[in-house]
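Residue 11 in my numbering sits at position 22 of the sequence shown, with consecutive numbering throughout. Every residue, glycine too, gets a C-beta built ideally from N, C-alpha and C. Each remark here refers to the structure printed beneath this line.
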Amino acid sequence: MQGRPLSFRHRTALAVGAAGLMAVTGAVFLPGSASAASTLGASAAERNGRYFGTAVAAYKLSDSVYQTILNREFNSVTPENEMKWDATEPDQGRFTYGSSDQIVNHARSRGMKVRGHALAWYSQMPPWAQRMEGAPLRQAMLNHVTNVATHFRGQIDSWDVVNEAFADGNSGGRRDTNLERTGSDWIEAAFRAARAADPNAKLCYNDYNTDDWSHAKTQGVYRMVRDFKQRGVPIDCVGFQSHLNNQSPYPSNYRTTLSSFAALGVDVQITELDIQGANPTWYANVVNDCLAVPRCNGITVWGIRDSDSWRSQQTPLLFDNGGNKKAAYNSVLAALNNGQPQDPSSPGNPSSSSSSSQPPNPGGGCSATVSLNQWNGGYVASVRVTAGSSPINGWTVSIPQAANVTNSWSTTRSGTNFANVD
Ligand code: G3I
-10 MQGRPLSFRH
0 RTALAVGAAG
10 LMAVTGAVFL
20 PGSASAASTL
30 GASAAERNGR
40 YFGTAVAAYK
50 LSDSVYQTIL
60 NREFNSVTPE
70 NEMKWDATEP
80 DQGRFTYGSS
90 DQIVNHARSR
100 GMKVRGHALA
110 WYSQMPPWAQ
120 RMEGAPLRQA
130 MLNHVTNVAT
140 HFRGQIDSWD
150 VVNEAFADGN
160 SGGRRDTNLE
170 RTGSDWIEAA
180 FRAARAADPN
190 AKLCYNDYNT
200 DDWSHAKTQG
210 VYRMVRDFKQ
220 RGVPIDCVGF
230 QSHLNNQSPY
240 PSNYRTTLSS
250 FAALGVDVQI
260 TELDIQGANP
270 TWYANVVNDC
280 LAVPRCNGIT
290 VWGIRDSDSW
300 RSQQTPLLFD
310 NGGNKKAAYN
320 SVLAALNNGQ
330 PQDPSSPGNP
340 SSSSSSSQPP
350 NPGGGCSATV
360 SLNQWNGGYV
370 ASVRVTAGSS
380 PINGWTVSIP
390 QAANVTNSWS
400 TTRSGTNFAN
410 VD
């Protein structure tokens, strides 16, 4: 029988196929050719199908510099303002989707993902909703969630269903808003409405200043997500805006934050990244932390050029006003390219192609897993092929063209990129 193809993409160095179990044992030794991806989106995609996205403003799509960078570098977009309540329902019951459709069509026609932002948020509510309270506001909010999520059904990878519902400071509690005053169950009600309207989109809670694991706000959101998971409220992901600056610096426990949330059984996404002064080290740290957490699906920066930023004076983005790559860009791309390549056996990542982690034919079939031992500039990939309940007559590990087999043992090699064992 033939093992399922294992996919490798890597920068340089060594890959080693290692032991099979039970009836089969084999190994293949592969130095890879240098194959560093040259764009952010391509490199992220090679790391378990992650995305590298940006916030997009519809009115800037006609700017050729802007569009060129967008189309070249990014494989996910988030409408910066166009899907918000004030934009999509300016008058109660009158829905407008012109600019949001424009972004979605631009993205999807180019194979980019779309993050929907945001269905329910106390800010950027239309004036008519700002004036409402109580049951009528609750009903208006749910109607809004249902209409917008239905309009975009099937087109959104992840929705920020609820945005910024927790208070700043040390309380760890909810933000006092007219939505909160409709009853503290308004968040789960919004999630249930979104799930009913678009069952296949990932549903996220999104907030800022939740990067530091020790902060009360982070812990408050964590308790809510844990409670939602325990009670079956349909939440799939948590968004960390990660607007980092001198007052909210990159926290050394950022990876702990991401992995702790992921351990609750949700994906984590970095949704609005920008860093005051575009500190290259902080940018690389954020990328490395995301790559270290299998359920970190991707990173979105909050704009393309510094001049596109809501905090343009802080020059927090990856491209300067002229669209030139900054040092932070190079730092991010290097961190992505240095990250672990595609690992089909990575658990818990819905976007991973996990073909090798599941026995393709339980009983008589086999399964394969890949693990990596990585160092600066190279790695050893260990391929383990495990038989099912009955012996395997033969298996094949296929290595893509990016890698060349230069050595092997206990195997039969055919060509430069296959290892066979009978
Ligand atoms: O479109 C109008 C324009 O017609 C008008 O002439 C102009 C005058 O000020 O305002 C324009 O709208 C502005 C809009 O951005 C588009 O540029 C709004 O005033 C301004 O408030 C709005 O700011 C947005 C802000 O959210 C509103 O809260 C920013 O662009 C956007 O980057 C920012 O994004 C938020 C996320 O949604 C949530 N997390 C924080 C993040 C940063 O604040």
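Taking all protein chains in view, the Cβ of Glu71 is crowded by 16 or more other Cβ atoms within 10 Å, so the residue is classified as buried. Relative to ligand 1, Tyr55 has its C-beta separated by 7 Å or more from all heavy atoms. Relative to ligand 1, the beta carbon of Glu261 is positioned inside 7 Å of a heavy atom. Closer than 7 Å to some heavy atom of ligand 1: that does not describe the Cβ of Asn189. Beta-bridge partners assigned by DSSP to Asp256: Cys226. Asn310 counts as exposed, since fewer than 16 other C-beta atoms from the protein chains shown sit within 10 angstroms of its C-beta. Looking at the backbone, the Cα of Pro188 and that of Thr171 are separated by about 25 Å. Separation of Asp174 and Phe217 (C-alpha to C-alpha, rounded to the nearest whole angstrom) is 11 Å. Beta-carbon to beta-carbon, Val321 and Val282 are separated by about 17 Å, too far to satisfy the 8 Å threshold.
Thr77 and Ser89 have their C-alpha atoms spaced approximately 8 Å apart. Apart from sequence neighbours up to five positions away, the residues of its chain that approach Leu29 with a beta-carbon distance below 7 Å are Phe41, Glu62, Phe63, Val321, Leu322, Leu325, ordered along the chain. Spanning the alpha carbons of Val210 and Pro240 requires a straight line of approximately 17 Å.
Using a C-beta cut-off of 8 Å, the stretch 196 to 208 makes no contact with the stretch 132 to 148, since fewer than three inter-stretch Cβ pairs fall below that distance. Fewer than three beta-carbon pairs drawn from the stretch 110 to 125 and the stretch 93 to 101 are found closer than 8 Å, and the two stretches are therefore not classed as touching. Short of 8 Å from the beta carbon of Arg184, and not among the five residues preceding or following it, lie these beta carbons of its own chain, in chain order: Leu192, Pro223. Tyr55 counts as buried, since at least 16 other C-beta atoms from the protein chains shown sit within 10 angstroms of its C-beta.
Taken atom to atom, the span from the alpha-carbon of Pro125 to that of Pro116 is near 14 Å.
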